[in-house]
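Written below as structure tokens is the structure these notes are about.
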Amino acid sequence: MDHHFTLINYQGKLGFMCCKKGVAIWVMEDADKKQEWSKIIFYEMEGLENWRIAGVTLGGEIVFVNAMLKCYETLYVFYYDPKRNSMRCIEVEGTGTMVEDIECERKHLLLIWAVPNLVENTMRL
Numbered sequence: 037m038d039h040h041f042t043l044i045n046y047q048g049k050l051g052f053m054c055c056k057k058g059v060a061i062w063v064m065e066d067a068d069k070k071q072e073w074s075k076i077i078f079y080e081m082e083g084l085e086n087w088r089i090a091g092v093t094l095g096g097e098i099v100f101v102n103a104m105l106k107c108y109e110t111l112y113v114f115y116y117d118p119k120r121n122s123m124r125c126i127e128v129e130g131t132g133t134m135v136e137d138i139e140c141e142r143k144h145l146l147l148i149w150a151v152p153n154l155v156e157n158t159m160r161l
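Spelled out as structure tokens, the structure:
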């Protein structure tokens with residue numbers, strides 16, 4: 037990760053997340069009064085140079101997705117839990133059919149956008 041900046045909702049508070057060889061979150065403690073910020077630093081995370089912070093889950097996990105994906109690559113999403121200092125990986129199934137549908141060539145890159153905590157309702161109104 038090299039200089040990625042993101043505004044996030046961190047446990048119900050405004051957070052500013054920045055990454056440079058690791059993750060740092062600045063959290064606004066009291067937006068109504070003093071607007072003081074506290075800093076939370078996580079350890080250096082190797083191997084995530086080409087990854088982007090997608091946001092934070094309601095459970096406080098930081099979500100990383102690949103910033104760009106080659107057409108033939110599998111899509112993975114990483115969840116980092118700062119409370120446990122652990123990371124888990126999810127493989128998104130069906131990306132092969134997505135590539136076939138858009139007739140993507142091997143040289144093309146796909147830009148990936150992920151939205152944590154999105155729930156869609158398929159019921160008709």
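Numbering of the sequence shown is given in our numbering, commencing with residue 37 and proceeding in unit increments. The beta carbon of each residue, even a glycine, is placed where N, CA and C say it ideally should be. Since the model is a prediction, treat every value here as computed from it, not as a measurement.
Using only alpha-carbon positions, find the residue among Val63, Thr42 and Val59 that is nearest to Leu50. Locating residue 50 in the sequence shown gives position 14, where the first residue counts as 1. Out of Val63, Thr42 and Val59, Val63 has the C-alpha closest to the C-alpha of Leu50.
Report the CB separation of Val99 from Tyr46 in whole angstroms; it is logged as a contact under 8 Å. Here residue 99 refers to the residue found at position 63 when the sequence shown is read from its first residue. Here residue 46 refers to the residue found at position 10 when the sequence shown is read from its first residue. Not really, about 12 Å apart at Cβ, beyond 8 Å.
Under the rule that 16 or more other beta-carbon atoms within 10 Å means buried, what is Ala90, buried or exposed? Sequence index remark: in the sequence shown, residue 90 carries index 54 (1-based). That one is buried.
Can you tell me whether Phe61 is buried or exposed? The criterion is at least 16 other CB atoms within 10 Å of its CB, across all chains shown. Counting from 1 along the sequence shown, the entry for residue 61 is found at position 25. Residue identity check: residue 61 is Ile in the sequence provided, not Phe. Buried: at least 16 other Cβ atoms inside 10 Å.
What is the rounded straight-line gap between the Cα of Lys69 and the Cα of Val59? Counted from its first residue, the sequence shown places residue 69 at position 33. Counted from its first residue, the sequence shown places residue 59 at position 23. Whole-angstrom Cα-Cα distance: 27 Å.
How about Leu112 and Asn121: do their beta carbons lie closer than 8 Å? On the sequence shown, position 76 is the one that residue 112 refers to. On the sequence shown, position 85 is the one that residue 121 refers to. The sequence as given places Tyr at residue 112; Leu does not occur at that position. Result no, Cβ atoms of Tyr112 and Asn121 do not sit closer than 8 Å.
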